[in-house]
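Peer 1:
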Amino acid sequence: MAKSWQEAYRDFDNMTIPELKNILKSKDLPVSGKKMDLIRYLIFDEYPDISQENDLRTIPGASSSMWLKF
């Protein structure tokens, strides 16, 4: 069973910024911004459908309740 984007978020949130940047570089994605920006790039790359959802859910306990909204 594939991970939900919430589970992926938690995994990425537990990584260091250099670890996130290595993943981003390997996917040829942007590597600039704050940690939540780096996570957002990865989440939207791996779960492109969530950027189209009307209900952009937040993750309980996340550092910013608005991390997913633009």
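Quick note on numbering: my numbering labels position 12 of the sequence shown as 12, and the sequence is numbered without any gaps. Cβ atoms here follow ideal geometry from the backbone N, Cα and C, with glycine treated the same way. Predicted model only: the values in this text are computed from it and were never measured.
(1) Alpha carbon to alpha carbon, how far is residue 22 from residue 5? Give it in angstroms, no decimals.
(2) Quick one: give me the first and last residue of the alpha helix (DSSP H) that residue 8 is part of.
(3) Could you check the C-alpha separation between residue 37 and residue 2 for me, to the nearest Å?
(4) Measuring CB to CB, does residue 35 end up less than 9 Å from residue 24?
(5) Taking residue 29 as part of the alpha helix (DSSP H), name the residues at either end of that continuous run.
Peer 2: The short version:
(1) 20 Å
(2) The continuous alpha helix (DSSP H) containing residue 8 extends over residues 5-13.
(3) 23 Å
(4) no
(5) Taken as a continuous stretch (DSSP letters only), residue 29 belongs to no alpha helix (DSSP H), as it is neither H nor E.
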